[in-house]
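The block underneath contains the structure these notes are about, expressed in structure tokens.
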Amino acid sequence: MARDLAHLSDEALVALAARADDGALAELYDRFGHVAYGLALRVVRDPALAEDAVQEAFLTIWRSAARFVPERANASTWILTLVHRRAVDVVRREQPRRAEPIEVAPQASANATEDEAWLRLRRARVQDALRQLPDQQREALELAYYGGFTQSELADRLGEPLGTIKSRMFAGLARLRELLDTGSEEERWNEPEFTS
Amino acid sequence: MERTGIHELSAAYALDALDGDERREFEEHLTHCAECRLDVASFQEAASALAYQVEVAPPPPALKDSILEQARRERSNVVPLRRRLALPAVATVAAVAACAAISLGVWAATLHSELGTRPEAVPLTGASGSVIVTPGNEATLVVKDLAPAPAGKTYEAWVIQDNQPVRAGTFGGGGQVAFPLTRKVPEGAIVAVTLEQAGGVDQPTTDPVFATEPV
Numbered sequence: 020m021a022r023d024l025a026h027l028s029d030e031a032l033v034a035l036a037a038r039a040d041d042g043a044l045a046e047l048y049d050r051f052g053h054v055a056y057g058l059a060l061r062v063v064r065d066p067a068l069a070e071d072a073v074q075e076a077f078l079t080i081w082r083s084a085a086r087f088v089p090e091r092a093n094a095s096t097w098i099l100t101l102v103h104r105r106a107v108d109v110v111r112r113e114q115p116r117r118a119e120p121i122e123v124a125p126q127a128s129a130n131a132t133e134d135e136a137w138l139r140l141r142r143a144r145v146q147d148a149l150r151q152l153p154d155q156q157r158e159a160l161e162l163a164y165y166g167g168f169t170q171s172e173l174a175d176r177l178g179e180p181l182g183t184i185k186s187r188m189f190a191g192l193a194r195l196r197e198l199l200d201t202g203s204e205e206e207r208w209n210e211p212e213f214t215s
Numbered sequence: 254m255e256r257t258g259i260h261e262l263s264a265a266y267a268l269d270a271l272d273g274d275e276r277r278e279f280e281e282h283l284t285h286c287a288e289c290r291l292d293v294a295s296f297q298e299a300a301s302a303l304a305y306q307v308e309v310a311p312p313p314p315a316l317k318d319s320i321l322e323q324a325r326r327e328r329s330n331v332v333p334l335r336r337r338l339a340l341p342a343v344a345t346v347a348a349v350a351a352c353a354a355i356s357l358g359v360w361a362a363t364l365h366s367e368l369g370t371r372p373e374a375v376p377l378t379g380a381s382g383s384v385i386v387t388p389g390n391e392a393t394l395v396v397k398d399l400a401p402a403p404a405g406k407t408y409e410a411w412v413i414q415d416n417q418p419v420r421a422g423t424f425g426g427g428g429q430v431a432f433p434l435t436r437k438v439p440e441g442a443i444v445a446v447t448l449e450q451a452g453g454v455d456q457p458t459t460d461p462v463f464a465t466e467p468v
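Heads up: the protein sequence lines correspond to chains A and B, in order. In case it helps, the numbering used here puts the first sequence at residues 20 to 215. In case it helps, the numbering used here puts the second sequence at residues 254 to 468.
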């Protein structure tokens, strides 16, 4: 029998998944499947491989939900970290032509649902934060996160010493963290309630 | 803020920009560097926000079905096994300490365990929570909701191996507890907690309040 899980927090859903509740896993997928797939596709640049990465990540969530510690991290961070790790592992294994800049064409649907509106809001915030980073820091973050490059590969590619790359990633991510922190209050106000 | 040397790698780790060997080495470092665990947690949160910048069509509907179908097939593996408590006859253990500590370590360890190698979150019997053991045998006791120790008393953790309890730190309880044990937990050992007089004792004098099975 279908139950209404929409009012539960992400963390509560993970706790239910830990008790082998597949309805909770389905709800988590409804919340994060889209952004997870977008992330995986951006990293692996191949729809079939992206699906593999998302599937593996969600099955990892399913298998290891009992080990998630909510006091430690948001469920959303945990899930997206798993998806990213899978995608990066896939792209390093498959070795596609990562150097080629490939734009994944956005295909936003015309009539946005509430969830899509929420995604757009988050996207605008991240883009705004990224714009405020110095170019070289932004470049290092984007190549590492979306390109799946290791720090050594980045150093080769950019022709910079490894130490410089490390410092850029650290400074860039620290700044991004700061920028995203500011305004979290505002975000809370704007966050739509998960109601069905 | 500045970090140098291996500490600086917390950013690269959160971005998944370390290769396999570097990743393993840094995860080992994480088991004993609280500062980096904090950095990693907040960096992973910032990094995962980058996922939202990607604009792309939704995944094919069949993907959800495929995931759920596979998940249901695996369900029997997911249901938490009821584990028997195999406490040695010798009771348990011994004093005080701040339970502030928290840990990011817990999450790092959790992530690590998902990624292979030795797990483990070993469930508690007698309380809701677990003991999380890193590959380096460092352990953190996590209890969901623990009553504060009565006045003049303390919770004391013990690592019990071959029926020999060894002190692993004391803490006060009260709400959520994430207490890094002061002693490593080797394979096959048990972690147990007793209530003892404030300050702790050298050998347990009471039955355990809760415990794990061998880790």
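Quick reminder that beta carbons are idealized off the backbone N, C-alpha and C, glycines included. Please read these numbers as outputs of a predicted model, since none were measured by experiment.
- DSSP, read as helix, strand or coil, puts A:Thr169 in coil.
- Interface annotation, A:Arg176: not in contact with chain B, CB-CB separation never under 8 Å.
- Using beta-carbon distances, A:Asp23 does not count as an interface residue toward chain B, since no partner is under 8 Å.
- Below the 9 Å Cβ cutoff, chain A contributes Glu70, Gln74 as neighbours of B:Ser319, in chain order.
- Between B:Arg277 and chain A, the shortest Cβ-Cβ separation is not below 8 Å.
- In the DSSP assignment, the residues bridged to B:Glu409 are B:Thr423, B:Thr447.
- Close CB contacts of B:Ala392 within its chain, under the 6 Å cut and outside five residues either way in sequence, are with Val384, Val386, Leu434, Val438 (chain order).
- Under the 8 Å criterion on CB atoms, B:Tyr408 is classed as non-interfacial with respect to chain A.
- Neighbours of A:Ser95 in chain B, taken as residues at a C-beta separation under 8 Å, are given in chain order as Ser301.
- B:Leu303 and B:Gly422 have their C-alpha atoms roughly 40 Å apart.
- Along the segment 254-288 of chain B, the positions whose C-beta sits under 8 Å from a C-beta of chain A are Met254, Arg256, Glu261, Leu262, Ser263, Ala264, Ala265, Ala267, Leu268, Asp269, Ala270, Leu271, Asp272, Glu275, read in chain order.
- Within the DSSP bridge table, the entry for B:Thr465 names B:Leu377 as partners.
- Less than 8 Å separates the beta-carbon of B:Thr407 from that of B:Gly453.
- Chain-order list of chain B residues neighbouring A:Gln170: Leu262, Ala265, Leu268, Ala270, Leu271, Asp272, Glu275, by C-beta distance under 9 Å.
- Of all C-beta pairs linking the segment 88-106 of chain A to the segment 50-67 of chain A, three or more are shorter than 8 Å, placing the two stretches in contact.
- If you draw a straight line from the Cα of A:Ala94 to the Cα of B:Gly405, it is about 38 Å long.
- Residue pairing for B:Gly382: DSSP places it in a beta bridge opposite B:Val396.
- For B:Pro312, the nearest CB of chain A lies under 8 Å from its own CB, placing it at the interface with that chain.
- Nearest C-alpha to B:Ala299 among A:Leu140, A:Thr79, A:Val109, A:Arg144: A:Arg144.
- The secondary-structure analysis by DSSP pairs B:Gly428 across a beta bridge with B:Leu399.
- For the options B:Glu409, B:Ile259, B:Ala310, the alpha carbon positioned closest to that of B:Thr459 is the one of B:Glu409.
- For B:Leu268 against A:Leu192, the beta-carbon gap comes to about 7 Å, under 8 Å, which counts as contact.
- In the three-state reduction of the DSSP assignment, B:Pro418 falls in the strand class.
- When the beta-carbon positions are compared, A:Leu138 and A:Leu195 stay at least 8 Å from each other.
- Taking all protein chains shown into account, B:Pro403 has fewer than 16 neighbouring C-beta atoms within 10 Å of its C-beta and is therefore exposed.
- Distance from the CA of A:Ile98 to the CA of A:Arg82, rounded to the nearest whole angstrom, comes to 13 Å.
- In this chain, the alpha helix (DSSP H) harbouring A:Phe189 covers 181-200.
- A:Gly182 counts as exposed, since fewer than 16 other C-beta atoms from the protein chains shown sit within 10 angstroms of its C-beta.
- Residues of chain B with a Cβ closer than 9 Å to the Cβ of A:Gln155 do not exist, since the nearest Cβ in that chain sits about 14 Å away.
- Counting only runs of 4+ residues, the alpha helix (DSSP H) found wholly inside the segment 257-292 of chain B occupies 262-267, 273-283, in chain order.
- Within the segment 383-409 of chain B, Val395 place their CB atoms closer than 7 Å to a CB of chain A, listed in sequence order.
- The beta-carbon of B:Leu316 is placed less than 8 Å from the nearest beta-carbon of chain A.
- In summary, A:Gln156 is buried, with 16 or more beta-carbon neighbours lying within 10 Å of its beta-carbon over all protein chains present.
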